[in-house]
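Residue numbering for the sequence shown is -22 to -1, 1 to 152, as defined by mature numbering (1 follows the signal peptide of the UniProt record, and there is no 0). Read through the structure below, which is laid out as structure tokens, and then see the notes.
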Amino acid sequence: MPNKMLLNLFVQLVCVVALIRAAYIPDSDRNTQTVQNELSVDPDGSYRYAYETSNGITGEQSGLGGIAVQGGSSYTSPEGTPISIKYVADEKGYYPLGDHIPKVPDYILRSLAYIRTHPYQIRDYYTGQLKTVAHDAEAFKVYERNIQDPTTPRTRPSTTPKVVHLTHAPPTQR
């Protein structure tokens, strides 16, 4: 029985320490205030926002909602390392760029180049002829994308039907 009581007391102590640690807010974040906060939204769905806080966190994003966006953010990690990320998200996918993000290994890039230059061939069942299967060229560009090239979002297609509201009755002809 005494071992069970000690174990119970230990579990309670661990829970109390975990609660105290979870409630702790560093002094640098306790009095943080927003230094800059900008937002602009256009009727066509394009927008831009930017913010900055007093503890050094910044962020920005612009684009056409649901079509293509680009932006970035930066902050300082608890270890004191500056973290900065830039990204583009469009019809080709989400592409983040930052020094803290692991890079695609060289052997993966080499294998993709090999696959691109050595297309897959299949033998036609009926004729016995070898046929080359075309690769999706856009799929290989994911790892070679230059994030510095700005995205040019196409305009959003209008799904709203055009409605005309009349302020007076139309003239009738007899």
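Ideal Cβ positions, reconstructed from N, Cα and C, are used throughout, including at glycine.
Looking at the backbone, the Cα of S55 and that of E38 are separated by about 19 angstroms.
In the pairwise beta carbon analysis, the segment 82 to 100 is classified as not touching the segment 60 to 69: fewer than three pairs are separated by under 8 angstroms. The beta carbon of T150 lies closer than 6 angstroms to none in the same chain, with the five residues before and after it left out.
In this structure, DSSP gives T95 a helical state, which the three-state scheme calls helix.
Excluding residues up to 5 positions away in sequence, Y29, T31 lie with their Cβ nearer than 7 angstroms to the Cβ of T12 in the same chain. A Cβ-Cβ distance of about 6 angstroms is found for the pair I100 and V111, placing them in contact under the 8 angstroms criterion. Taking 8 angstroms as the cut-off, the Cβ atoms of T59 and N33 do not count as close. Linking Q14 to R88 through their CA atoms gives a straight-line distance of about 45 angstroms. Here D68 carries a strand assignment [DSSP, helix/strand/coil]. E69 and N(-15) have their C-alpha atoms spaced approximately 55 angstroms apart. For R101, the beta-bridge partners assigned by DSSP are L108. G41 counts as buried, since at least 16 other C-beta atoms from the protein chains shown sit within 10 angstroms of its C-beta. Taking the CA atoms as reference points, G43 sits about 17 angstroms from E16. If you draw a straight line from the Cα of Y73 to the Cα of Q107, it is about 40 angstroms long. Within the model, the alpha-carbon separation for S24 versus G71 is close to 19 angstroms.
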